[in-house]
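Protein chains in written order, with my numbering: chain A, 105 to 215; chain B, 1358 to 1470.
Heads up: the structure comes next, in structure tokens.
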Amino acid sequence: GQQVMQIPQYQHVQEGEDFTTYCNSSTTLSNIQWYKQRPGGHPVFLIQLVKSGEVKKQKRLTFQFGEAKKNSSLHITATQTTDVGTYFCAGPNTGGFKTIFGAGTRLFVKA
Amino acid sequence: DAGVTQSPTHLIKTRGQQVTLRCSPKSGHDTVSWYQQALGQGPQFIFQYYEEEERQRGNFPDRFSGHQFPNYSSELNVNALLLGDSALYLCASSLQWQRGEAFFGQGTRLTVV
Chain A
105 GQQVMQIPQY
115 QHVQEGEDFT
125 TYCNSSTTLS
135 NIQWYKQRPG
145 GHPVFLIQLV
155 KSGEVKKQKR
165 LTFQFGEAKK
175 NSSLHITATQ
185 TTDVGTYFCA
195 GPNTGGFKTI
205 FGAGTRLFVK
215 A
Chain B
1358 DAGVTQSPTH
1368 LIKTRGQQVT
1378 LRCSPKSGHD
1388 TVSWYQQALG
1398 QGPQFIFQYY
1408 EEEERQRGNF
1418 PDRFSGHQFP
1428 NYSSELNVNA
1438 LLLGDSALYL
1448 CASSLQWQRG
1458 EAFFGQGTRL
1468 TVV
């Protein structure tokens, strides 16, 4: 079945270092979403990318959607302790209403 | 403007019992999706409701069923609970015409003993 994979599973960084998580889909996606879940919390929508090759920025966060619309990345510049949490990518199944989440990348930031 | 609200926040049930979880979507939203999130994993899609109908289902057995009411609120029912059903159950609401962005509730933590 259709799968969404994320790497790495975990990332430990020193505050101020950069962080990148990568997302790969087994099929072409019509769009991709990114969510952040703080420890003990619920997923919070960050952004949706729709166009091939799209790049969007939110302050220190940069999101990219691959040319083939099968991969995506989230890059955080100069991490802060408030960036701690798990970052999930998610995409719709082909032709349906199901949203498939990756397993997430958990970010740890050491002050 | 209230966001997505779920009840209860925590629940402990015994194997074989039945449970009902409730969700009120964000004001103005007409679509509700339910997810199961095991510890350390991503949310797994259970099903989605729109116009009081289940319009897509994930890989979950028939023990999992749901309902959407005319006011768009929704229930998730799980029968014959198994230990493996212990998880965080998340409800997400969205607008039918606005595919993608979804607002999640705080979830119901279900423990089956």
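Cβ atoms here follow ideal geometry from the backbone N, Cα and C, with glycine treated the same way.
> Closer than 7 Å, CB to CB, is B:Glu1458 near chain A or not?
Replying inline: Yes, contact with chain A.
> Do you know offhand how far A:Leu133's Cα is from B:Ile1403's?
Replying inline: If I take the Cα positions, the gap works out to 20 Å.
> Are the region 195 to 210 of chain A and the region 135 to 145 of chain A in contact at 8 Å, needing three or more beta carbon pairs?
Replying inline: As far as the Cβ criterion goes, the region 195 to 210 of chain A touches the region 135 to 145 of chain A, which means the pair count is three or higher.
>> Distance check for A:Lys174 and B:Asn1434, CA to CA, integer angstroms please.
In response: Going by the C-alpha atoms only, they are around 35 Å apart.
> With a cut-off of 7 Å, does the C-beta of A:Thr125 fall near any C-beta of chain B?
Replying inline: No, A:Thr125 does not count as interfacial toward chain B.
> What is the DSSP secondary structure of A:Gly206, counted as helix, strand or coil?
Replying inline: The DSSP-derived three-state label of A:Gly206 is coil.
>> Can you pull the chain B neighbours of A:Lys202, defined as C-beta to C-beta under 9 Å?
In response: Chain B residues near A:Lys202: Ser1390, Phe1402, Phe1404, Gln1405, Gln1413, Arg1414 and Gly1415.
>> Does the CB of B:Gly1441 have a neighbour CB from chain A at under 7 Å?
In response: Not closer than 7 Å to any Cβ of chain A, the Cβ of B:Gly1441 fails to qualify, so no.
>> Restricting to Cα atoms, I'd like to know which of B:Leu1467, B:Phe1426, B:Glu1458 and B:Gln1453 is closest to B:Cys1380.
In response: Residue B:Phe1426 holds the alpha-carbon nearest to the alpha-carbon of B:Cys1380 among B:Leu1467, B:Phe1426, B:Glu1458 and B:Gln1453.
> Using the C-alpha atoms, what's the distance from A:Val108 back to B:Tyr1429?
Replying inline: Our two residues, B:Tyr1429 and A:Val108, have alpha carbons roughly 29 Å apart in a direct line.
>> Which same chain residues end up closer than 7 Å to B:Ala1444 when comparing Cβ atoms and leaving out the 5 residues on each side of it in sequence?
In response: Taking C-beta separations shorter than 7 Å and ignoring five residues to either side along the sequence, the partners of B:Ala1444 in its chain run Gln1393, Gln1394, Ala1395 and Leu1467, following chain order.
>> Pairs of beta-carbons, one from the region 140 to 157 of chain A and one from the region 118 to 127 of chain A, closer than 8 Å: are there three or more?
In response: These segments do not touch.
>> Between which two residues does the beta strand (DSSP E) holding A:Lys161 run?
In response: That run of the beta strand (DSSP E) goes Val159 to Gln162.
>> Cβ closer than 8 Å: which chain B residues qualify as neighbours of A:Gln152?
In response: Those within 8 Å of A:Gln152 in chain B are Gly1457 and Glu1458.
> Name the chain A residues whose beta carbon is nearer than 9 Å to that of B:Gly1385?
Replying inline: Those within 9 Å of B:Gly1385 in chain A number zero; the least Cβ separation is about 16 Å.
>> Between which two residues does the beta strand (DSSP E) holding A:Ala194 run?
In response: Bounds of the beta strand (DSSP E) holding A:Ala194 are Gly189 to Pro196.
> Straight-line CA distance for B:Leu1447 to B:Ser1364?
Replying inline: If you take the alpha carbons of B:Leu1447 and B:Ser1364, they lie about 10 Å apart.
> Between which two residues does the beta strand (DSSP E) carrying A:His116 extend?
Replying inline: That run of the beta strand (DSSP E) goes Tyr114 to Gln118.
>> Taking only three categories from DSSP, how would you classify B:Leu1438?
In response: Reduced to three states, the DSSP call for B:Leu1438 is coil.
> In or out: B:Asp1419 buried (at least 16 other Cβ within 10 Å) or exposed?
Replying inline: Result: exposed.
>> Out of A:Lys163, A:Gln152 and A:Ala182, which one is the CA nearest neighbour of A:Phe169?
In response: Looking at A:Lys163, A:Gln152 and A:Ala182, the one whose alpha-carbon comes closest to that of A:Phe169 is A:Gln152.
>> Only counting the same chain, and skipping five residues up and downstream in sequence, which positions put a Cβ closer than 6 Å to that of A:Leu165?
In response: Taken in chain order, the residues that qualify are Ile180.
> Cβ of B:Lys1383 within 7 Å of Cβ of B:Phe1461?
Replying inline: No, Cβ-Cβ distance for B:Lys1383 and B:Phe1461 is not below 7 Å.
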